[in-house]
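A short write-up of the structure that comes next.
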Amino acid sequence: MTSTLQSRSLRMRLSRSVGLSAFMLAVSGGVVFAQAVIVQGNRRVDAETIRSYVTAQGSGNPAEIRQNLLSTGLFSNVQVSRRGSQTVVSVQENDSINRVAFEGNRRLKSDVLLGQVQSKANGPMSQALIDADVERLKEVYRRAGYGSATISGRIQPLPNGRSDVVFTIVESGKTGIKEINFSGNGVYSSSRLRNLMTSTESNFLSFIKTSDVYDPDRVAADLELIRRYYLKNGYADFRIVANDARFDDAKGGWVIDITVDEGQQYRVGNVSVDSHLRDVDPAALQRLVSTSSGDTYNAEAVERSLVNLTTEVSRRGYAFAQVRPRGERDANGQLIGITYVVEEGPRVYVERINVRGNTRTRDYVVRRELDLGEGDAYNKVFIDRAERRLNNLGFFNKVRITNEPGSAPDRVVVNIDVEDKATGSFSIAGGYSTSDGMIGEVSLSESNFLGRGQYVRIAGTMGQRTQGIDFSFTEPYFLGRRIAAGFDLFSKFNDNYNIGRFESRVTGGQVRFSFPITEEFSITPRYSIYTTEIKIPNTASRPYNDCTYPIDGITPGTPSGPTANNIYNCLTNGEASIAVKEAAGTTLTSLVGLNFNYNSLDNYQSPRNGFVAETKPEFAGVGGDSKFLRVSADARYYKEFLEDFVGIVRVQGGHVQATGDNLRMMDHYFLGPSLVRGFAPSGIGPRDVLNDPTANALGGTTYFGGSLEVQFPIFGLPRDLGLKGAV
């Protein structure tokens, strides 16, 4: 009995001993032994937490144990020693952080900076952590354009082992990109390559723009734009050799050096489709290929071909089909033969789509850009197209789509990582219009309204001869489909002194829908309703200046009226024309229209190559006072024949015809510099011969015009100004 009690007591003491200290196993010469870990000096950090770091270091080397514990950031000092079979760990804990504060920051809010540092309230404090946060804050200020800002961190001790961490910031003026240099380029000049980038060099417009602020993510996106530009123009071997950005203290800004290897330009050789799918005839797929033999090699045309072919074979029931281009280079002949290989791919399904990083944009705005969903067959071509679409939205600083294995070998998880960016803009603009004189505009727009991807804009205009306000709203995915629906409201006033002696106000709105047929062609049906109010100032509304006209038997040039003045002279003293007087009052126009748009421009804002055309048939007479049929067309072809010199061939025309009573004057075409540069507003077309021949345009019912123009940059002016010369 006594022996049993002693044995039980020993087991209990051993159990308590094991509970009080951890055992570390080591192997030496095949003998396994246990070693206790004694922890000293800890106040807030649990002893078991410290032991877990010790036992994680399997070698038992004191120096490695010490380094392992110091790397946690929990301790300012660690001593490790041996006491017989025991390992003694003495620690001195870092203070905990009471709060993190910022001083001197005016340009960036404290909440923004707090989200960038690793030092957090109630977290461990260490000098290494503070030093790392200082460097991180400097990078944040650099990206915001304030690279000269100085930042330091200090510790303010408090009782009970706690301290405040304070970052002191001395902000500077904005530091922009002083130079963007290229080397290795011979085909395209450095100026041309800089024009491709969204990052710009600082100039006298820097106070109203942010594109000259150095942002490594934006520069990376710019390098991709340059790469795609070369690949689009035949340089299939192009690569960026180096990209170096440095802050130059002497220049007070960033200098970016980019080294490229252009390679040679290729043309397309033989083009074929090789189908490994049963019942899919390669000849039937050939028409979907956008690359043609003899053309300059274009990577974008190859991408379009991949999408077209993949979509077609999927429609035919081959959901897992893959299309890949196989290129055969002939370096001597500078040709690339392209074979589109269509084959059955692995049967992999999309298990889940994760959208991450979008703090503002709704998930469905991202998901709707994909042509596949959860449960669909996985297809890399559609994933790549979705990534391009998301980048083109302009809602994100960064877009990255990656895959990871799913819950089964035939399942894949698609991760879409994005970073939201500001999409609203407020602008104040001024300029000169040949039709409206000096003019100013204030506008507020948002391209991602409430994170829903909707476009909203309101603008007000004030000029010498015009005032107006307009509001526009567009939903790009109406009813969940790729149909852009929207409406516009507008009100515009003109004194029309350059047309005739009258004032006009047009107020109304329109509803529109846009259906994309292809990537380049779309149809937009619309309905418009508006009122046109014509007023004649008192000085121009006299009843024919006391002349009596028309009178039977009296023709222009015959004296008539109380003063027996010549009728021509009667009507040249600032009076409105008869056509204007007939149009005076308020009319309601209700019309339906249909826009046919084709656009293959390489750049919508500053095109160099491509073709754009629009045809607009309109019918007025769905109620209202105006009744007419009108058809207008405008086509422009752009071709760069020398670097930065762009030739433009433009053809336009139109015809309007009454379907009821006679046309009102305001339903006519009034043409001037929009048709031929150099003409005055409404300077082309018939005029009132009984009045001032320089002021009373009557408009016309038919017009046709063509022009040939060359646009070129104006030396010394930054491209941000948007001004070009033209002849």
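The opening residue of the sequence shown carries number 732 in the working numbering; numbering runs sequentially from there. Cβ coordinates follow ideal geometry from the N, Cα and C atoms, glycine included.
Counting only the Cα atoms, Ser1222 lies some 17 Å from Tyr1258.
Glu1234 is the residue among Asn1089, Leu1210 and Glu1234 whose C-alpha sits nearest the C-alpha of Gln1195. In the three-state reduction of the DSSP assignment, Val1020 falls in the coil class. For Asp1061, the closest C-alpha among the options Ala1030, Ile971, Gln995 and Val1072 is that of Gln995.
The closest CA to that of Phe1224, considering only Phe1218, Ile1265, Thr1205 and Asn1029, is found on Ile1265.
Around the CB of Gly1199, 16 or more other CB atoms lie within 10 Å, so the residue is classed as buried.
Runs of the beta strand (DSSP E) lying entirely within the stretch 956-1011 and spanning at least 3 residues, in chain order: 970-979, 984-992 and 998-1006. Ranking Gly1324, Val1323, Asn1340 and Leu1325 by CA distance to the CA of Ser1331 puts Asn1340 first.
Taken through DSSP and simplified to helix, strand or coil, Ala863 comes out as helix.
The criterion of a C-beta distance shorter than 9 Å is satisfied by Gly1384 and Gly1436. Counting along the chain, no alpha helix (DSSP H) covers Gln847, and no H or E run does either.
Looking at Tyr960, Ala1315, Gly1088 and Arg1083, the one whose alpha-carbon comes closest to that of Leu1103 is Arg1083.
When DSSP states are grouped into helix, strand and coil, Glu1313 belongs to the helix group. In this structure, DSSP gives Lys1347 an extended state, which the three-state scheme calls strand. Boundaries cannot be given for Arg1212, as no beta strand (DSSP E) includes it and DSSP labels it neither H nor E. For Glu834, the uninterrupted beta strand (DSSP E) segment begins and ends at Ser827 to Glu834. Secondary structure of Lys1370 (DSSP, three-state): strand. Comparing alpha-carbon positions, the option among Thr1205, Glu1172 and Ala1215 lying closest to Thr1197 turns out to be Glu1172.
For Thr1041, there is no enclosing beta strand (DSSP E); the enclosing alpha helix (DSSP H) has its first and last residue at Ala1030 to Arg1046. Straight-line measurement puts the Cα of Arg1131 at about 26 Å from the Cα of Tyr1071.
For Asn1110, the three-state secondary structure derived from DSSP is coil.
In the DSSP assignment, Asn1085 falls within the unbroken beta strand (DSSP E) covering Tyr1080 to Arg1087.
For the pair Val822 and Asn836, the CB atoms are not nearer than the 9 Å cut-off. In this structure, Val1377 lies near Glu1371, with their beta-carbon atoms less than 9 Å apart. Met928 sits in coil when the DSSP states are folded into three classes, being neither helix nor strand. If the five residues before and after Ser1174 are omitted, its C-beta is found closer than 6 Å to the C-beta atoms of Ser1158 and Ala1190, all from its own chain and listed in chain order. Taking 8 Å as the upper bound for CB-CB distance, Val897 and Ala832 are in contact here, some 5 Å apart. Nearest Cα to Lys1358 within the set Thr1346, Leu1319, Phe1342 and Glu1374: Leu1319.
Between His1007 and Glu1059, the C-beta gap is not smaller than 9 Å, which leaves the two residues out of contact. For Tyr1049, the secondary structure class from DSSP, reduced to helix, strand or coil, is coil. By the Cβ neighbour-count rule, Phe1113 is buried, with 16 or more other Cβ atoms within 10 Å of its own.
Between the stretch 946-958 and the stretch 839-849 there are fewer than three C-beta pairs closer than 8 Å, too few to call the two in contact. Put simply, the backbone Cα of Ser930 is about 7 Å away from that of Val944. Taking 9 Å as the cut-off, the beta carbon of Glu1100 is found no closer than this to the beta carbon of Arg1087. Gln1053 counts as buried, since no fewer than 16 other beta carbons sit within 10 angstroms of its beta carbon. A distance of 9 Å or more separates the beta carbons of Ser1203 and Phe1180.
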